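For the sequence shown, the working numbering begins at 6 and goes up steadily by one. Positions of the beta carbon are idealized from the N, C-alpha and C atoms, including for glycine. For clarity, every value in this text was computed on a predicted model and none was experimentally measured.
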Amino acid sequence: MLEKDYLDPSAIMDQSNDAIDKLLVDVQAIELAEKAISDFMNDSSIKSDAFDALKSSCSQYKTVISNLKKANESDIADFNSLIAFVGSELLDGSVIVPKMRQALSDKQEHDRLSEENWSKAQSCDDPYEAAGYAAIAGYYALLAANDHRIYSYWKGKADKYDSIESSTKGLFNAGLAYKSACLADPNDPNSVGLSGDVANNLVDATFKKKFSGRLKDLDDAETIYQKVRNGEIAVDDLTEHQKEMIVVYYESKHPEDAKKLNEATRKLDEAETTDLKVRVYSAPPRYKDNFINSVNDVSDTKKTFENFQKGKVKLEKLSDGDTAAAVAWYDIYHLDEARNMTSNLYPMMKEGYDGHVNNIKLLAYTAAEPYKSAFINNIGKVKIDELHYTGTSYHQGGKLHLNVDSMGDASTATAATYVTYFHEGSHGVDFVHNNPSMRYISPSGDSLDKCLQNEVKGVIKDYAMDAMKDTNYSDEKKQQMVDQLTKELMNTTTYDSSAKPTFNGNSEMRALYDEVVNQARDDFKYSRSDIYGGYTGDTFRGNWGHDTISQKRDGTYYSYWIEGTVDSAGTTITPNPGPDGNVQYTGAQQKEFFAESMAANMTRNETDLNDYNAYGDETKDMFNEILQVINDAS
6 MLEKDYLDPS
16 AIMDQSNDAI
26 DKLLVDVQAI
36 ELAEKAISDF
46 MNDSSIKSDA
56 FDALKSSCSQ
66 YKTVISNLKK
76 ANESDIADFN
86 SLIAFVGSEL
96 LDGSVIVPKM
106 RQALSDKQEH
116 DRLSEENWSK
126 AQSCDDPYEA
136 AGYAAIAGYY
146 ALLAANDHRI
156 YSYWKGKADK
166 YDSIESSTKG
176 LFNAGLAYKS
186 ACLADPNDPN
196 SVGLSGDVAN
206 NLVDATFKKK
216 FSGRLKDLDD
226 AETIYQKVRN
236 GEIAVDDLTE
246 HQKEMIVVYY
256 ESKHPEDAKK
266 LNEATRKLDE
276 AETTDLKVRV
286 YSAPPRYKDN
296 FINSVNDVSD
306 TKKTFENFQK
316 GKVKLEKLSD
326 GDTAAAVAWY
336 DIYHLDEARN
346 MTSNLYPMMK
356 EGYDGHVNNI
366 KLLAYTAAEP
376 YKSAFINNIG
386 KVKIDELHYT
396 GTSYHQGGKL
406 HLNVDSMGDA
416 STATAATYVT
426 YFHEGSHGVD
436 FVHNNPSMRY
446 ISPSGDSLDK
456 CLQNEVKGVI
466 KDYAMDAMKD
476 TNYSDEKKQQ
486 MVDQLTKELM
496 NTTTYDSSAK
506 PTFNGNSEMR
516 ALYDEVVNQA
526 RDDFKYSRSD
536 IYGGYTGDTF
546 RGNWGHDTIS
556 QKRDGTYYSY
566 WIEGTVDSAG
576 TTITPNPGPD
586 GNVQYTGAQQ
596 KEFFAESMAA
606 NMTRNETDLN
616 DYNAYGDETK
626 DMFNEILQVI
636 NDAS
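Structure representation (structure tokens):
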């Protein structure tokens, strides 16, 4: 929608209804003329060669009258469609577009102020001053979120206008075609229609201008083809005739491509075949050649893609050829997504890891929303910096350090093979948007950190209450023990898995601690082992997770989960407590939850997905809110 655009449904409805009334009158007049000519031609009361010749010459008038009647009937149907499409809402671009522009400008300014105060909070040594800056940052983040809602409201109106414009642009083409059949071609003695002199009395100057322009467009297939290739015209905006022209033009120059695609599309209907051919022939060479060389049967390839998407077949059961064909087919219909994935995966493609590239693409293309859009629309901004990193893969500053050699043979790879790629790639997506996993505050004032902490506290309480169910402790004592246990677990600063708190010699608390911790270590695997461990000083860590005391590539140590400093030996953390005296978390918990949850949903690896589904609804709802923020900004 442009600022000059304006749609008044009432005016259009009135004009359309007036036009329909006039066309109906014309149809009646045409029918009377048609009957009169038919009666004249069928009159047998007069017999002569001259009269027979006159009746024979009337046949062209009958043809023209028939086409004019069809043109009017088609235009009546299109006017009715126009009335249905325009709806009832006045859409004024001079109001809508400035409102969108202002809301977007406000959002950018509030995002800037939020980031500015957030940076001050992170760099501030005074915890009270830092909390103040963080509160201000949260306030501006809320304003930015409200600005986005305002922008979305006005954009919805602009999109509605664009949708109406798109839906109605093809109207009246059929009527125009019938009218064009009324014109005789002076260069074709066999053409059916009236001469130019008679036609001038049947059509107005506007029609002749439109018809002349239409013929010019239809004659220039190469121009249209180049515009589609250059992105000036979308395939979806082409008429069926223009698509057919492009196919004829391209195949006349590339008969071998035509032969391959004719074989690959043999099971498709004509319209789908033509549409697909235009997309293939006009695609960038990388995707065009990949399709032509990989897809032998489009119908079978579509079925392979759909079956994989529905979970009917696992990655390791697909042949390399089937995977390559499915990816090539999807790429042709979604070139923007293909470009984003290719931009990120190019280092792997350059070194010949096409099998892994196709496996990764197929997993991404078949993932569910909103995970799919959040990943694909942003991964092109994330770069693979190292492909043969020998340590543990990691992300830093929008760059991935991966070990492709650990992926093994692509032919036998499973979904689990690519969990690390999607995990680190999702860290990159989070980074591209300035880590909303850490920074997002919901309209109700909640955050992912708060949700995860509540979840860990809830687990501690559930396990503790279950452990005490057969005791004769009072409800008050049980709650006191839960509170004491929670405080101890979530403020652990001694990261030795064998170390245990003394609880000042309280044997009941020590026994409860042992039972709860042992149960947690048995139950929590993978994502929850990592995240729950991160909030409990690795105490709840089961078989997998990040070390709280971690080592950089230069050999120095740092505290991963809580704010604090690590001694040179890498054995002790000196925490930086918050105003309440409790440990302060670094935000790594939220970032790891985001990456692990994205990887689970992008790969659908059963183990990781089951672990993700075990999180509470509050946590998963917050995760989806963050994804919505990312998708809105992408």
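Counting along the chain, where does the beta strand (DSSP E) carrying residue i start and finish?
i      : result
PRO580 : 578-580
GLU268 : Unbroken run through GLU268 is the alpha helix (DSSP H), 260-269; no beta strand (DSSP E).
SER564 : 562-564
Going by DSSP in three states, residue i sits in which element: helix, strand or coil?
i      : result
SER555 : strand
GLN247 : helix
GLU391 : strand
LEU405 : strand
GLY569 : strand
ASP97  : strand
TYR620 : coil
HIS339 : coil
TYR478 : coil
TYR358 : coil
TYR11  : strand
HIS400 : strand
TYR183 : helix
ARG609 : coil
ILE3   : There is no way to answer for residue 3, as the model of the chain reaches only from 6 to 639.
GLU374 : coil
GLY316 : coil
ASN724 : Shown here, the chain extends from 6 to 639; a query on residue 724 therefore has no answer.
THR306 : helix
ASN548 : coil
MET346 : helix
PHE177 : coil
ALA82  : helix
SER449 : coil
ALA418 : coil
GLY413 : coil
PRO290 : helix
THR497 : coil
Here's the rule I'm using: 16 or more other beta-carbon atoms within 10 Å means buried, otherwise exposed. How should residue i be labelled?
i      : result
ALA140 : exposed
HIS246 : exposed
TYR158 : exposed
ASN345 : buried
ARG2   : Any question about residue 2 goes unanswered here, given that the chain covers just 6 to 639.
ASP637 : exposed
LEU405 : buried
GLY539 : buried
THR509 : Inspection of the sequence shows that residue 509 is occupied by Asn rather than by Thr. ASN509 should be labelled exposed.
VAL318 : exposed
ASN363 : buried
LYS293 : buried
LEU29  : exposed
GLN697 : What the structure shows of the chain is the stretch from 6 to 639, and residue 697 is not part of that stretch, so it cannot be assessed.
GLN113 : exposed
Assuming the contact rule is C-beta atoms closer than 8 Å, residue i and residue j should be a hit. Round their C-beta distance to whole Å, please.
i      : j      : result
GLU601 : HIS428 : 6 Å
SER398 : ASN408 : 6 Å
VAL522 : THR553 : Actually they do not touch by this definition, with Cβ atoms about 16 Å apart.
ALA24  : PHE90  : Contact flag wrong, Cβ pair sits at about 15 Å.
MET607 : ALA372 : 5 Å
If I follow the unbroken alpha helix (DSSP H) through residue i, where does it start and stop?
i      : result
THR279 : 275-287
PRO441 : 441-444
ASP467 : 453-472
GLN589 : Counting along the chain, GLN589 falls outside any alpha helix (DSSP H), and DSSP gives it neither H nor E.
GLU520 : 512-528
TYR537 : 531-540
VAL5   : Coverage of the chain is limited to positions 6 through 639, which leaves residue 5 absent and any answer about it impossible.
PHE508 : Premise fails: PHE508 is in no alpha helix (DSSP H) and is neither H nor E.
Three or more C-beta pairs below 8 Å linking the region 412-422 and the region 462-471 | no
Evaluate the contact criterion for the region 121-139 versus the region 69-79: three or more CB pairs, one atom per stretch, below 8 Å.
-> In this structure the region 121-139 does not lie against the region 69-79, because fewer than three pairs of beta carbons, one per stretch, are closer than 8 Å.
For the region 562-576 and the region 389-403, state whether three or more C-beta atom pairs, one from each stretch, are separated by less than 8 Å.
-> no
Inter-stretch contact at 8 Å, needing at least 3 Cβ pairs: the region 449-459 / the region 422-438 = No, the region 449-459 is not in contact with the region 422-438.
Count the CB pairs spanning the region 306-314 and the region 350-358 that are closer than 8 Å, and state whether there are at least three.
-> Result no; under three Cβ-Cβ pairs closer than 8 Å.
Any 3 or more C-beta pairs closer than 8 Å across the region 100-114 and the region 155-169 | Taking 8 Å as the limit for Cβ pairs, the verdict is that the region 155-169 does touch the region 100-114.
Three or more C-beta pairs below 8 Å linking the region 280-291 and the region 255-266 = yes
Sufficient close CB pairs (3 or more, under 8 Å) joining the region 525-535 to the region 615-624 | yes
Is the region 96-104 touching the region 161-168 in the sense that three or more CB pairs, one from each, lie closer than 8 Å?
-> The region 161-168 is in contact with the region 96-104.
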